[in-house]
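Q: Residue numbers (our numbering): 29 to 179. Beta carbons: idealized from backbone N, C-alpha and C, even for Gly. Handing you a structure now.
This is how it looks when you write it as structure tokens:
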């Protein structure tokens, strides 16, 4: 499959929207103050007056900017994410976003993005009963290991 074919379902979901879950709606409501600190997060998650979630539970929640970004990556290729215009835009957004509590902005550079590479690791696997196997992220992420310990 091509990169564009692999990314097509995610692009469609971002553009067409997904139903807002109760859990996400609740988390947005609980974190509306923090989400309102930055225009980008407020525009994506909050209503116009920034008093609550942008949409109600079960309503379609869309992310057209993500869809556009994924389409551009599908068109230009994965390397463009690390070295192209998108990398410049990410750095500008991080460095331009000032935390109102600290007055500090991000320190990311284009070199940080250009030199980053994901590391493939074997996942953590553990059985749950006789029928299921749970698969999670390996270290340095702790999610898979935490799930195994809790089970």
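Assign residue 132 to one of two classes, buried (16 or more other C-beta atoms within 10 Å of its C-beta) or exposed (fewer than that).
A: As a first step, residue 132 is located in the chain shown; it is residue number 104 there, counting from the start. By the 10 Å Cβ count, residue 132 comes out exposed.
Q: Among residues of its own chain, excluding the 5 on either side of residue 155, which ones have a beta-carbon nearer than 7 angstroms to its beta-carbon?
A: Residue numbering aside, residue 155 sits at position 127 when the chain shown is read from its first letter. So the list reads 161, once near-sequence residues are dropped.
Q: Are residue 74 and residue 82 closer than 8 angstroms when you measure CB to CB?
A: Numbered from its first residue, the chain shown carries residue 74 at position 46. Numbered from its first residue, the chain shown carries residue 82 at position 54. Going by C-beta atoms, residue 74 is nearer than 8 angstroms to residue 82.
Q: Using only the alpha-carbon positions, how far apart do residue 186 and residue 128 sit?
A: As shown, the chain starts at 29 and ends at 179. That puts residue 186 outside it, with no answer to give.
Q: Could you tell me if residue 120 is buried or exposed, where buried requires 16 or more neighbouring beta carbons within 10 angstroms of its beta carbon?
A: As a first step, residue 120 must be located in the chain shown, where it is residue number 92. Result: exposed.
Q: Below 8 angstroms between beta carbons: does that hold for residue 164 and residue 152?
A: Taking the first residue of the chain shown as position 1, residue 164 is located at position 136. Taking the first residue of the chain shown as position 1, residue 152 is located at position 124. Yes, Cβ-Cβ distance for residue 164 and residue 152 is below 8 angstroms.
Q: Three or more beta-carbon pairs under 8 angstroms between the segment 43-57 and the segment 88-106, yes or no?
A: Output reads yes: the segment 88-106 touches the segment 43-57.
Q: How many Å lie between residue 139 and residue 106 at the Cα?
A: Translated into the one-based positions of the chain shown, residue 139 becomes position 111. Translated into the one-based positions of the chain shown, residue 106 becomes position 78. Looking at the two C-alpha atoms, the distance is approximately 16 angstroms.
Q: Kindly indicate the opening and closing residues of the beta strand (DSSP E) around residue 154.
A: In the chain shown, the residue the question calls residue 154 occupies position 126. Per DSSP, residue 154 belongs to the beta strand (DSSP E) from 152-156.
Q: Count the other CB atoms, across all protein chains shown, that sit within 10 Å of the CB of residue 35; report buried if there are 16 or more and exposed otherwise.
A: Within the chain shown, residue 35 is the residue found at index 7, counting from 1. Answer is buried; the Cβ neighbour count reaches 16.
Q: For residue 134, which option in 111, 142, 97 and 118 has the closest C-alpha, if you only look at C-alpha atoms?
A: Taking the first residue of the chain shown as 1, we reach residue 134 at position 106. Closest by alpha carbon: 118.
Q: Can you grab the Cα-Cα spacing for the pair residue 103 / residue 32, in whole Å?
A: The residue labelled residue 103 in the question sits at position 75 within the chain shown. The residue labelled residue 32 in the question sits at position 4 within the chain shown. Approximately 7 angstroms, taken between the alpha carbons.
Q: Where does residue 115 land, buried or exposed, given buried means 16+ other C-beta within 10 angstroms?
A: Here the question's residue 115 lines up with position 87 in the chain shown. Residue 115 should be labelled buried.
Q: Does residue 40 pass the burial test, meaning 16 or more other C-beta atoms within 10 Å, or should it be called exposed?
A: Here residue 40 refers to the residue found at position 12 when the chain shown is read from its first residue. Counting Cβ neighbours within 10 Å, residue 40 comes out exposed, since fewer than 16 surround it.
Q: Across which residues does DSSP place residue 19 in a beta bridge pair?
A: In the structure as shown, the chain starts at 29 and stops at 179, and residue 19 therefore has no counterpart that could be examined.
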